[in-house]
Amino acid sequence: MNRFQRYLTALLFGMISLAAQALTPEQARAIVTGDTDARIEALNKALTDADERTVGFLQALADDAVKITADKVFIVRNDKGTDPVSGADVSVPDDAAEVISNNRLRSELDAAMAGLRLFSADDKVRMAAVQAMIKEPDASKLGLVERAISAEKNSRIAELLEFARAAVALTHEDKAQRLAAAKLLANSKTPDTQRLLNQQLSQETDAAVRAQLEASLRALQSALAWGERLGALFTGVSLGSILLLVALGLAITYGLMGVINMAHGELMMIGAYATYVVQGLFRNYMPAYFDAYLLLAIPVSFMASALVGAALERAVLRHLYGRPLETLLATWGISLMLMQGVRSLFGAQNVGVENPQWMSGGLQVLSNLTLPWNRLIIIGFAAAVLIGMALLIGKTRLGLFVRGVTQNRPMASCMGVNTARIDTYAFALGSGIAGLAGCALSQIGNVGPDLGQSYIVDSFMVVVLGGVGQLAGTVYAALGLGIINKILEGWAGAVLAKIAVLVFIIVFIQKRPQGLFAMKGRSAEA
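The sequence shown begins at 99 in this note's numbering and counts up by one.
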C-alpha cells in the first residue's frame, strides 16, 4: 500500500460537501491525455472544485488503475470498471488502453493529493497538510488554499492556512501579492518561513519587495533567536543531568571511599545491557505490556550493577585500599574484562533499546523549540536519584555508617561498625547508581560495549571539580559543565568546546585544588 492509499479513506469521507459532480468527463479526459504540461494544467484546474469523485480518480491514476478509449475514461480495479464521474459500474472495452504517468506527473499527483488533505475531517491530518504546504508552497494550489480557508472551522488551522496562502503568494507574478506575503510571513516565526524568505530574496528583482523581505527576515531571526538560546540551555541541562547520573555513583566510590574506579563506566554499561535484556523479555513474552518494561528495567539495572560492584569490592578492591595506583590498574584491567565479556555475550555491535510510547515525541514550546519527552523524563529521573541518594546518605543508618567510616575508619571500628561490610555496601550503592545511569542512557542512544568509555573521563572531572565527597558540588559541576559545553559548541564546535572545558578545569584545579566545595571537619584534616 502506497502513501496515497493511506489517506484515501479519510479523504473520501472527510471532504467538504461540494457540488454533486465537480469532476466532469472533459476534466477527466484532459488529465489522462495529451502532453505532460497539458495534463498538469488540467489537474490543477480540477483541484479548484475537487470533490470525492476527483479524489477517487486521482487515487486511481496514482495506482495505475485508469484506462482510456477513444471517447471514455474508466477506473479499473479487480477487473471491474467504474465511471470516474458518476461512480457507476460500467463495462470496460477490450481495446481500452492503460494510462501511463511519468515521474513528473506522479510528483504533481503527490502534491495534489497532499493539498486535498486540507479538507480531511481529521484535524491532525489537516494540520499536517498545512504545514507541508508552508514548507513546499506551490503557486498552482493557491485556489485550493483559499477554498480551505473559507471552510476551516479550527482557528489554529485557519491561522496556519493564512500563512500557507502567504507562502504560496510569495512566488506570485504580481508584485503587490509578493509584498503583502512578505509582510505577513514576518509573523510566522518558524525556520521553514525563514528558509522561504531567504530563497525568495535570492531571486527577487523588485527593490521594494527585497526591502520588505530583508525587514521580515530581521524580525524573524530576532524571534527565532530566543528559541535557539533556550534550546542550547535545555540541551546543556540535559547533558548536565546525564553527567550528574554518571558522576553520582563515582561521588561515592571515589569521593567518599577514595577508590579510583576505572571500571565505573563498565558498571554503567552493565545497567544499559540489563535494560536491553528486560526489553527483550517483554517483547517476547509480554508484548501487550511492552510500554511498561522500563519500570522493571530500573530496579533490574540497579541490582545488576550493584551485584557486580559488590563482587568486585569483595574479590579485589578490599585488598588494595590505601594503594591508589594499584587500584587504578586493577580496575582498568577489570573494565577490559567486562567489555570483552559483554562482547562475548551480546556481540561487538551496538544494540538498540526502544523508548516506551510515553517517552516518544516532545513538548512543543516554540516554533523552533521542541523538548523531547525522553530528555525531560531523564532530567526528572536524575533529580529523583539525587534526592534519594542525599536522603540515604544523610538520613539513614547506612548513610551514617558510611560517613563515619569515611571520616574516621579506626574510630568507627572501635564503635562496633563492621567497616568491611560498610565498604561493600557503599561500593555496591555507587555501582548501582552507575547502573541507573546506564538505564537512562539507553533511552537516548545505542547500547554497546564501549558505552562507558565515553563518560568515564567526564564523570571524574565532575567529581573533582565539584569537590571530593561533596554531593552539592557534584550537582553544580555537572550542570555547569553541561551548559558551558553546549554553549561553547555553538560558537567553536564540539572538539574545541571539549578542549576549552578541559583547559578550564585544569586551571581551576590549579587555583582551587579542593574543588567548588571544600570538605569540612576532621576528614578534611586527615
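Every residue gets a Cβ at the ideal spot worked out from N, C-alpha and C, and that includes glycine.
Source: prediction; values computed, not measured.
Across which residues does DSSP place I625 in a beta bridge pair?
-> Past the boundaries of the shown model lies residue 625; the chain is included only from 99 to 624, so the question cannot be answered.
If you run the structure through DSSP and keep just helix, strand and coil, what is D187?
-> strand
For P547, three-class secondary structure by DSSP = Here P547 sits in coil by DSSP.
Proximity winner among V344, E312, P385, relative to M367 (alpha-carbon distances) | V344
DSSP beta-bridge partners for L579?
-> BP columns for L579 are empty, so no partner.
Nearest to E271 (by Cα), restricted to the options Q301, A249, S253, A246 = Q301
Nearest CA to the CA of L393: which residue from C537, G431, A402?
-> C537
So, V375 versus P547, is the Cβ gap smaller than 7 Å?
-> no
What is the residue span of the beta strand (DSSP E) that T468 lies within?
-> 467-470
Grab me the residues of V186's own chain with a C-beta within less than 8 Å of its C-beta, minus the 5 sequence neighbours each way, in chain order.
-> Sequence inspection shows Ala at residue 186; the Val mentioned does not correspond to that position. The residues are T180.
Kindly indicate which residue of P385, L283, D304 has the alpha-carbon position closest to the one of A294.
-> Residue identity check: residue 294 is Leu in the sequence provided, not Ala. Nearest C-alpha to L294: L283.
Pair within 7 Å by beta-carbon distance, A330 and I585 | Yes; because the gap between Cβ atoms is below 7 Å, this pair is in contact.
Helix, strand or coil at L418 [DSSP, three-state] | coil
Mind checking Y352: buried by the 16 CB within 10 Å criterion, or exposed?
-> buried
Residue span of the alpha helix (DSSP H) that contains L563, given as start and end = Unbroken alpha helix (DSSP H) run through L563: 554-564.
Spatial neighbours of G530 in its chain, beta-carbon cut-off 6 Å, leaving aside the 5 residues before and after = F400, S403, A404
Distance, Cα to Cα, E452 vs I475?
-> 15 Å
Cα-Cα separation between V449 and A370, rounded to whole angstroms | 10 Å
May I have the straight-line CA-CA distance separating E312 from L299, to the nearest angstrom?
-> 8 Å
Determine the extent of the alpha helix (DSSP H) in which L282 is found, giving its start and end residues.
-> 273-283
DSSP-derived helix/strand/coil call for E150 | Helix, per DSSP.
So, helix, strand or coil for V449, using DSSP?
-> strand
Which parts of the stretch 301-353 are runs of the alpha helix (DSSP H), unbroken and 4 residues or longer, counting only runs that do not cross its ends?
-> Here the runs fully enclosed are 305-348.
The beta strand (DSSP E) with V515 in it runs from where to where?
-> Segment: none, V515 is in no beta strand (DSSP E) and carries neither H nor E.
Going by DSSP, what residues sit across from E196 in a beta bridge?
-> Beta-bridge pairing links E196 to K165.
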